[in-house]
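So in the UniProt record's numbering, the last one in the sequence shown is 93, and the numbering has no gaps at all.
Think of the CB as a built atom: it goes at the ideal place given N, C-alpha and C, for glycine as much as any other residue.
Just so we're clear, the structure is a prediction, and the values are computed from it rather than from any experiment.
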Amino acid sequence: MKYLTVVECPVAFPAENDHGLSSKDMLPRAGVTGGLESRHVRVLDNRITAVCIWTSEASAKRFFDRDWHDKAAAIWGDEYQTRFEAIDSASAA
Numbered sequence: 001m002k003y004l005t006v007v008e009c010p011v012a013f014p015a016e017n018d019h020g021l022s023s024k025d026m027l028p029r030a031g032v033t034g035g036l037e038s039r040h041v042r043v044l045d046n047r048i049t050a051v052c053i054w055t056s057e058a059s060a061k062r063f064f065d066r067d068w069h070d071k072a073a074a075i076w077g078d079e080y081q082t083r084f085e086a087i088d089s090a091s092a093a
């Protein structure tokens, strides 16, 4: 069963945080992040929405681990949201 993640966050630049990461750096990358099948990103009104489809829940949870959430809290504070849900193959197509 495939897995869906949605991340909504403000646009941040490396110089704006102690981690030196941009919002884009915090998102999984196709061809680099194991288990990521597709990623779709929209930027609107200084906010990013990234919709990702994974091969499994384990792959998604491995990327969005405690370290990721700690960095996200440091970079975006309470201005970010994540959503995780299982999807069947038909709805992922």
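So, with DSSP's three-state summary, where would you put residue i?
i     : result
PHE64 : coil
SER23 : coil
GLU37 : strand
ALA30 : coil
GLU79 : coil
Rounded to whole angstroms, what's the CA-CA distance from residue i to residue j? Just pull it up for me.
i     : j     : result
ILE87 : ASP67 : 25 Å
GLN81 : SER59 : 19 Å
ASN17 : ASP78 : 15 Å
PRO28 : PHE63 : 7 Å
LYS2  : ASP45 : 30 Å
THR5  : PRO14 : 23 Å
Who are residue i's beta bridge partners in DSSP?
i     : result
VAL11 : DSSP, once it has assigned bridges, lists no residue as partnering VAL11.
GLU85 : LEU4
THR49 : GLU8 and ARG42
Measuring alpha carbon to alpha carbon, tell me which of the options ends up nearest residue i.
i     : options                       : result
GLU85 : PRO10, VAL51 and CYS9         : VAL51
LYS71 : LYS2, ALA15, TYR3 and MET26   : MET26
GLU57 : SER23, PRO10, ARG83 and LYS24 : ARG83
LYS61 : THR49, ALA73, LEU21 and LEU36 : LEU36
Is any non-hydrogen atom of the ligand HEM found closer than 6 Å to the C-beta of residue i, if you look at the structure I gave you?
i     : result
ASP65 : With respect to small molecules bound, the structure shown includes none, and the ligand HEM cannot be examined in it.
When you compare the CB positions of residue i and residue j, do they come within less than 7 Å of one another, or not?
i     : j     : result
ALA30 : ARG39 : yes
ALA12 : ILE53 : no
GLU8  : THR49 : yes
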